[in-house]
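Report on the structure given below.
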Amino acid sequence: MNISLRIDDETMARLDRTAKSLERSRSWVAMEALDQFLSYQEHFCRTVEKAVAEAEAGGPFMAHADVVAASKARKEARGR
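Next comes the structure, spelled out in structure tokens:
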């Protein structure tokens, strides 16, 4: 199946550079990019839907202060 879309000059140049460096066609690079984007979006939506279902079922929940403290602790642990 074919589709048609408009691409700005800079994006087209990026597509061409990538295709050349990979020794692939523009179409192959565009399909690869589209596939990766759609896979990420599908995963993200499934994750959000699961989190919403868990929240609607009553949790578990963490207090905001606990989330901030845990994030800070992980950040400090990576910095060491």
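Sequence positions in the sequence shown follow UniProt numbering and run 1 to 80.
C-beta: ideal position from N, C-alpha, C; glycine also.
Bear in mind the structure is a predicted one, so any value in this text is a computation, not a measurement.
With a Cβ-Cβ cutoff of 8 Å, do residue i and residue j count as a contact?
i, j, result
"D35", "R26", "no"
"A19", "V29", "yes"
Quick check on the DSSP output: the alpha helix (DSSP H) that includes residue i runs from which residue to which?
i, result
"E23", "Where E23 is concerned, there is no enclosing alpha helix (DSSP H), given that its DSSP letter is neither H nor E."
"D66", "H64 to G79"
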